[in-house]
Amino acid sequence: MEFSSHSRVWVYQSDRKLTDAETLQAQVLLDNFTTGWTAHNNQLLAKAEIRYNRFLILFVDESQAGASGCSIDKSVNFMKQLEQHFGINLFDRFNLAYRDGEEILSVPRHQFEDLLKAGKINTETIVFNNLAQNITELQTKWEVPFKDSWHIQLFRDLVVA
């Protein structure tokens, strides 16, 4: 399926890395959900991906049918079911993910602040902007240096020079 660069995305970040087996199982569940995902009885052109065994991403190409409030509620309820099934948290917006070499880690806000103060996270550290709204933003503004992300606005005073 070809998706428009303007297709909407929703990025859900797990508070832990899923095992390979969990990732495969979650992908099947996501595929089943997106195949039957509708808005006002119209089939949505939708798909899902799991990146780095940690980020569950839903895509909807709204050129055919747009995601409505009800359809978005369906996706949120589905994601809550996945949380329970896998024992993960997908809705903690202050569980912040960053790259440490090839590894992707996530920590609660207070721990992220401690890492900044200690200089272990700096302006060049790659962080994840899960607020990306569409495929273009996902490709260009999702995985970015700390200095180019929304994080800098919130944590500027903690950055070690």
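Be aware that the sequence shown starts at 123, since it is given in our numbering, and climbs by one per residue. The beta carbon of each residue, even a glycine, is placed where N, CA and C say it ideally should be. Owing to the predicted nature of the structure, the values given are computational and were not obtained by experimental measurement.
If you check the beta carbons only, do residue i and residue j fall under 8 Å apart?
i, j, result
"residue 148", "residue 166", "no"
"residue 211", "residue 137", "yes"
"residue 176", "residue 248", "no"
"residue 156", "residue 180", "yes"
"residue 250", "residue 243", "no"
"residue 106", "residue 193", "The question about residue 106 has no answer, for the chain in this structure spans 123 to 283."
"residue 208", "residue 230", "no"
"residue 260", "residue 204", "no"
Enumerate in chain order the residues of its own chain whose CB-to-CB distance from residue i is below 8 Å, with the five nearest sequence positions on each side excluded.
i, result
"residue 245", "267, 268, 269, 274, 281"
Starting from residue i, follow its DSSP beta bridges and name the residues at the other end.
i, result
"residue 137", "BP columns for residue 137 are empty, so no partner."
"residue 165", "160"
"residue 131", "181"
"residue 144", "Per DSSP, none; premise fails for residue 144."
"residue 170", "180"
"residue 217", "230"
"residue 250", "265"
"residue 222", "225"
Could you check which residue in the options has the C-alpha nearest to that of residue i?
i, options, result
"residue 164", "203, 172, 183", "183"
"residue 134", "201, 260, 241", "201"
"residue 237", "204, 124, 125, 219", "219"
"residue 129", "185, 146, 229, 204", "185"
"residue 161", "239, 190, 241", "190"
"residue 144", "271, 265, 172", "172"
"residue 195", "146, 132, 124, 228", "132"
"residue 256", "146, 168, 174", "168"
"residue 279", "264, 221, 241", "241"
"residue 284", "228, 258, 197, 153", "Examination of residue 284 is not possible in this model, given that the chain is present from 123 through 283 alone."
For residue i, collect the residues of the same chain with a Cβ closer than 7 Å to its Cβ; drop the 5 residues on either side in sequence, then sort them by chain order.
i, result
"residue 272", "251, 253"
"residue 214", "137"
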